[in-house]
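Chains as they are written, first to last, in the numbering used here: chain S, 136 to 582; chain V, 7 to 274. All C-beta atoms, glycine included, are put in the ideal place defined by N, C-alpha and C. Working notes, structure below.
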């Protein structure tokens, strides 16, 4: 084994997998927190575990694994129960209850930590808050490096790594087995309860799961940044899909990419560009996760800003085209089959809008340019008849069924004529004959 | 042959143990302020029952208390003579539409299939047979074409139909529905009313909170007139009278007199 690989195995292998396991287990639980609009719960629990960690440290006088884990888990569960208690006794919503409970518990942790400092005990606040992934080294002798899967070598893997694996296994099992239960209880708690899946039981189980994940992850990403890992991958996945199963898988992918990418960036990024040292990996994970969320918010094909903007533009384009054809059709009805560009610009509310619409309509073969202006082609006339028919049917409907006055219905019909719904087709022709409320004929045919 | 001895019913002999719902002395309070007072009634099998009353009369509260979704201060509710817990599987519930998050990433089929969850049980997967059953229910409410749509992309009336399909998928014997006709278009209202009537014809019992007094007589068999306490309950023809309406709504509604007048003239 060459030196580079040996260094990688000793220094980076365990932290890398620890980061991945933390990101994965946070993401899986996070999906349900995000969907239940309870992302605050992760924040609350991650703050509230602090006194448990410090107390365990003071009692057991060690920074190693289990006592801290037990203390933190106990504090997390106490926090969940306290939130429930405050919510019921104080008759406030759960967000407010969390807002009361978690700062108080966090404050208790800070006070406890000060007591510890007074006793000259070494407990570093930044380790608890930001995580110390870098300290999870695999302390292997050269002999062990040759047989890394021997029990002796595995025995030297830091305990925090096993706790992360354990929590990942637990979370995966709960999400896979209890997917149906989590889904129904998150979507419709009352139905869940009435079907025999107590929504209270399920939400408490979820809170305990959050506590376990948070505590197991705090060494990797710290108790504050864990919130980013709970929320970001799930929120990113939610922006890309509208199906819960797909969302869960996507969040898994996003969290793995986050952990791997951030680790590479944090551990090797700075030296690669010639800067000394490395960047805090927990911090770069949170940043990376936030960046992915931002990318999804902008570029998601369904919910992204760009896609929404594109859809709005497409609609505006279609509406302006339909307005052009409708305007030309009306002019033709009045005996003016050719309209000059500046007349069109006036009727359609703007030169740019009219010019663009004419360009597209000519390209589509529904309008044609002539020396004196623009006119409809045969295809355009048929298209225009459909739009005007829809418009006048809506006007009829609004007068006859909705009871609006005839001089009030043009503007709403102007909007409704562009809506592609079956409702427009189903309006009965007016009782008074084939004329709209203003006495204009309603063209035949489908819109 | 001896006549069958009536099954003892918690020492409340006035209740019929065979009726799907028997409510005895039910009082519900929110923060010590009573919302429902001493409700005591039986709902009969195979009937379409409307629960009517003004805002704040406790209509939804009555349903939710029956289902144990909110605690009651006193009294009890029995289903076929037994507590809710024992009969839960035979009871379906359609909540008000605004009580769930319609942005939730599930399809219409996913929601309809939730009706099967009680039959499926804890930690088991939704099998193909259950999905087919859910599809059949979507078909019954005319929503099969929308099975794979995310629920946010459905109109209000379509969402209500999906809720109904979910209830059908439950194959319950007794349904509680909280305003299933609120805010739906005319076509959906017709479709829903047809399905309710079909359920009744199949021997099921359906209890609906309903707000449109004009349609009570056309759609329902029995009516529970509620204003914190039961003003009247029974056959629509017997108890849905102008006098009872006035007692229920306390003269607060001006449309009421018109409704009463309509009743008088229609009753001829």
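Of the residues the options, which one's Cα is nearest the Cα of residue i?
i	options	result
residue 205 (chain V)	V:194, V:190 and V:170	V:170
residue 248 (chain S)	S:184, S:332 and S:231	S:184
residue 578 (chain S)	S:404, S:524 and S:533	S:524
residue 281 (chain S)	S:140, S:211, S:416 and S:182	S:140
residue 188 (chain S)	S:358, S:298, S:218 and S:476	S:358
residue 154 (chain V)	V:145, V:122 and V:116	V:116
residue 522 (chain S)	S:536, S:453 and S:541	S:453
residue 105 (chain V)	V:186, V:90, V:55 and V:45	V:186
residue 364 (chain S)	S:287, S:570 and S:169	S:169
residue 78 (chain V)	V:102, V:30 and V:230	V:30
Flag residue i as yes if its beta-carbon sits less than 8 Å from any beta-carbon of chain S, otherwise no.
i	result
residue 129 (chain V)	yes
residue 231 (chain V)	no
residue 99 (chain V)	yes
residue 181 (chain V)	no
residue 196 (chain V)	no
residue 73 (chain V)	yes
residue 177 (chain V)	no
residue 110 (chain V)	yes
residue 123 (chain V)	yes
residue 266 (chain V)	Since pLDDT at residue 266 (chain V) reaches only 49, below the 50 mark, its modelled position is unreliable, and no value is offered.
residue 78 (chain V)	no
residue 25 (chain V)	no
Determine the contact status of residue i and residue j, defining contact as a CB-CB distance below 8 Å.
i	j	result
residue 124 (chain V)	residue 140 (chain V)	no
residue 511 (chain S)	residue 463 (chain S)	yes
residue 100 (chain V)	residue 208 (chain V)	no
residue 375 (chain S)	residue 385 (chain S)	yes
residue 154 (chain S)	residue 355 (chain S)	yes
residue 160 (chain S)	residue 362 (chain S)	no
residue 40 (chain V)	residue 87 (chain V)	no
residue 401 (chain S)	residue 414 (chain S)	yes
residue 321 (chain S)	residue 222 (chain S)	no
residue 369 (chain S)	residue 162 (chain S)	yes
residue 32 (chain V)	residue 98 (chain V)	no
residue 167 (chain V)	residue 194 (chain V)	yes
Under a Cβ-count criterion, where at least 16 other Cβ atoms within 10 Å of its own Cβ denotes burial, should residue i be classed as buried or exposed?
i	result
residue 233 (chain V)	buried
residue 36 (chain V)	exposed
residue 273 (chain S)	buried
residue 25 (chain V)	buried
residue 304 (chain S)	exposed
residue 295 (chain S)	buried
residue 157 (chain S)	buried
residue 138 (chain S)	exposed
residue 330 (chain S)	buried
residue 194 (chain S)	exposed
residue 590 (chain S)	For chain S, the structure presents residues 136 to 582; residue 590 (chain S) sits outside this window and is missing.
residue 200 (chain V)	exposed
residue 576 (chain S)	exposed
residue 531 (chain S)	buried
residue 12 (chain V)	A caution first: residue 12 (chain V) carries a pLDDT of 48, below 50, which makes its placement in the model unreliable, though a value can still be read off. Its Cβ having fewer than 16 others within 10 Å, residue 12 (chain V) is exposed.
residue 419 (chain S)	buried
residue 393 (chain S)	buried
Within the 8 Å Cβ cut-off, does residue i reach chain V?
i	result
residue 316 (chain S)	yes
residue 141 (chain S)	no
residue 538 (chain S)	no
residue 145 (chain S)	no
residue 335 (chain S)	no
residue 469 (chain S)	no
residue 582 (chain S)	Note that residue 582 (chain S) has pLDDT 42, beneath the 50 cutoff, so the model's placement of it is unreliable and the number below is only indicative. Taking Cβ atoms only, chain V never reaches closer than 8 Å to residue 582 (chain S), which makes this a no.
residue 267 (chain S)	no
residue 196 (chain S)	no
residue 331 (chain S)	yes
Given residue i, which residues of its chain have a CB within under 6 Å of its CB, disregarding the five upstream and five downstream residues?
i	result
residue 14 (chain V)	Because residue 14 (chain V) carries a pLDDT of 46, less than 50, the predicted location of this residue cannot be relied on, and the following value inherits that uncertainty. Here the set comprises nothing.
residue 179 (chain V)	96 and 210
residue 177 (chain V)	none
residue 275 (chain V)	Look at the range of chain V in this structure, 7 to 274, and you will see that residue 275 (chain V) is not part of it.
residue 146 (chain S)	272
residue 28 (chain V)	21, 48 and 84
Return yes when the C-beta of residue i is under 7 Å from any heavy atom of the ligand ADP, and no when it is not.
i	result
residue 457 (chain S)	The ligand ADP is absent from the structure shown, which contains no ligands of any kind.
Who are the Cβ neighbours of residue i in its own chain at under 8 Å, not counting the five residues just before and after it?
i	result
residue 483 (chain S)	455, 458, 459, 462, 489 and 492
residue 148 (chain S)	273
Just to confirm my understanding: we take residue i, look at its own chain, exclude 5 residues before and 5 after, and list those with CB closer than 7 Å. What are they?
i	result
residue 544 (chain S)	530, 533, 534 and 572
residue 217 (chain V)	185 and 188
For residue i, which residues in chain A fall below 8 Å Cβ to Cβ?
i	result
residue 156 (chain V)	The displayed structure is made up of protein chains S and V, and chain A is not among them.
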